[in-house]
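Start counting the sequence shown at 5; every next residue gets the next number (my numbering). A virtual CB, placed ideally from N, CA and C, is assigned to each residue, including glycine. Quick caveat, the model's predicted, so the values are computed rather than measured. To keep things clear, I will list the structure first and then write my remarks on it.
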Amino acid sequence: IQTLRTNSPLHLISKQDTSISNSKLHLSKHEKMADSEFVNVTEKGQIPTFEGSDKAKATDFANYFCSYAQLYHQKQMLADHNRMAAYHAAIMGNPDVFKDKVVMDVGTGSGILAVWAAQAGARRVYAVEYTDMAIHARSVMEDNGVADIVTVIQGAVEDIELPREADSLGTEDDLGTENQVVDIIISEWMGYFLLRESMLDSLIRARDKFMKPKTGLMFPSHTTMYFAPVQDEDERKISVQEYNGAMGDWSEFVESTKSVYGVDMGVLGQNYDREQKEYYLLSSRWATLRPDALLADPVIVKQLDMCTCTLEDSLGISAGDPQSEYEF
5 IQTLRTNSPL
15 HLISKQDTSI
25 SNSKLHLSKH
35 EKMADSEFVN
45 VTEKGQIPTF
55 EGSDKAKATD
65 FANYFCSYAQ
75 LYHQKQMLAD
85 HNRMAAYHAA
95 IMGNPDVFKD
105 KVVMDVGTGS
115 GILAVWAAQA
125 GARRVYAVEY
135 TDMAIHARSV
145 MEDNGVADIV
155 TVIQGAVEDI
165 ELPREADSLG
175 TEDDLGTENQ
185 VVDIIISEWM
195 GYFLLRESML
205 DSLIRARDKF
215 MKPKTGLMFP
225 SHTTMYFAPV
235 QDEDERKISV
245 QEYNGAMGDW
255 SEFVESTKSV
265 YGVDMGVLGQ
275 NYDREQKEYY
285 LLSSRWATLR
295 PDALLADPVI
305 VKQLDMCTCT
315 LEDSLGISAG
325 DPQSEYEF
């Protein structure tokens with residue numbers, strides 16, 4: 005069983021909280037969702053972008069947001085044609101849903117979902133982006149002729165305010181609060197194993213603050229997480245080979261440093277070995293697997309209705325959840 009290891013607070017499975025008995029998996033209660041030495045949560049266990057100290061926010065920005073300010077990272081995501089085709093079909097295939105609506109794109113990145121929402125007929129689109137990618141997004145709106153519809157707002161979605169009066173944004177038949185003026189929230193928030201990118205909490209806060217409570221829509225509307233045991237012997241052999249190669253390089257480094265410079269670095273070998281094992285042998289990674297790599301049928305371990313899921317849901321899977329206990 006390969007454990008999932010990440011630098012986010014979403015350690016869905018780890019050695020210390022997984023027990024296996026008679027092929028039955030029980031997920032123990034997470035007292036602390038982040039137990040890595042690279043902890044990236046506030047004292048309350050929340051993502052630092054919201055209610056975090058300046059130090060926590062700076063750490064969060066370094067660990068998460070910096071990569072999203074790079075165009076190469078945006079290109080990687082946009083080149084995922086299965087994902088992009090699904091969003092394109094959902095938005096452009098439903099012009100009757102988007103016509104004359106107020107739309108918010110949470111984490112717009114370079115802005116492609118916001119462009120599609122405008123092209124599908126939305127009256128106003130607010131494209132929210134925390135990083136400096138917002139600068140590029142504005143250029144994309146201008147160049148695609150939708151800058152009169154799409155407003156790019158740079159900032160954390162938890163902190164921003166919409167121009168309600170300037171854009172004549174109305175609430176839903178006097179229901180909800182004065183901020184709940186958005187008809188549709190779209191977002192490409194899903195990460196590896198759904199929750200890896202730690203963005204769901206921001207999306208939930210945006211929904212509760214801005215979306216019309218009765219008629220508001222979330223795109224996507226539902227999510228499902230699956231577990232399945234897999235075996236990939238070729239991948240395992242490559243990982244072991246890369247680890248052995250790294251340790252061989254270390255041995256040569258120690259020997260040459262001692263003979264050439266007169267300094268013995270061997271005392272650091274145990275720590276270097278730990279780093280290489282974590283990277284090559286214990287880190288999760290994505291891969292396209294052959295059908296015969298699947299050892300059993302997948303089981304559903306968590307389902308989310310995006311209109312009703314809670315901040316607690318965003319933390320992952322805990323003992324007592326309806327589908328947290330299962331058999332293969």
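Quiz item: Across which residues does DSSP place Thr228 in a beta bridge pair?
Solution: As computed with DSSP, Thr228 is found in a beta bridge with Gln307.
Practice problem: Quick one: which unbroken alpha helix (DSSP H) runs of 4-plus residues sit fully inside the segment 243-330? Chain order, please. | Solution: Segments of the alpha helix (DSSP H) lying fully in the segment 243-330: 273-284.
Quiz prompt | As assigned by DSSP and simplified to three states, the class of Glu169 | solution = coil
Exercise. Quick one: residues in its chain with C-beta nearer than 7 Å to the C-beta of Lys218, no 5 flanking neighbours on either side, listed in chain order?
Key: In its chain, beyond the 5 residues on either side, Glu176 and Leu179 have a beta carbon closer than 7 Å to the beta carbon of Lys218.
Quiz item: Between the C-alpha atoms of Tyr330 and Asp301, what's the straight-line distance to the nearest angstrom?
Solution: 12 Å
Practice problem: Could you check what DSSP says for Met145 in three-state terms: helix, strand or coil? | Solution: helix
Quiz prompt | Local Cβ density within 10 Å of Lys103, reported as buried at 16 or more and exposed below that | solution = exposed
Quiz item: Would Ile157 be called buried (16 or more neighbouring beta carbons within 10 Å of its own) or exposed?
Solution: buried
Exercise. Would you mind sorting Ser143 into buried or exposed? The rule is 16 or more other CB atoms within 10 Å of its CB.
Key: exposed
Quiz prompt | Nearest-angstrom Cα separation, counted from Ala90 out to Trp290 | solution = 20 Å
Quiz item: Since Arg128 sits in a beta bridge, which residues does DSSP pair it with?
Solution: Val106
Quiz item: Anyone know if the C-beta pair for Leu117 and Ile139 falls short of 8 Å?
Solution: no
Quiz item: What is the DSSP secondary structure of Leu82, reduced to helix, strand or coil?
Solution: helix
Practice problem: Have a look at Gly333 and Glu259 and give me their C-alpha separation to the nearest angstrom. | Solution: Because the chain in this structure spans residues 5 to 332, residue 333 falls outside the shown range and cannot be described.
Quiz prompt | Proximity winner among Gly249, Gly113 and Leu199, relative to Gln280 (alpha-carbon distances) | solution = Gly249
Exercise. Name the residue from Asn183, Gly324 and Pro233 whose alpha carbon lies nearest to the alpha carbon of Leu298.
Key: Pro233
Quiz item: Nearest to Arg294 by alpha carbon, out of Ile153, Asp238, Cys313 and Leu82?
Solution: The option with the nearest alpha carbon to Arg294 is Asp238.
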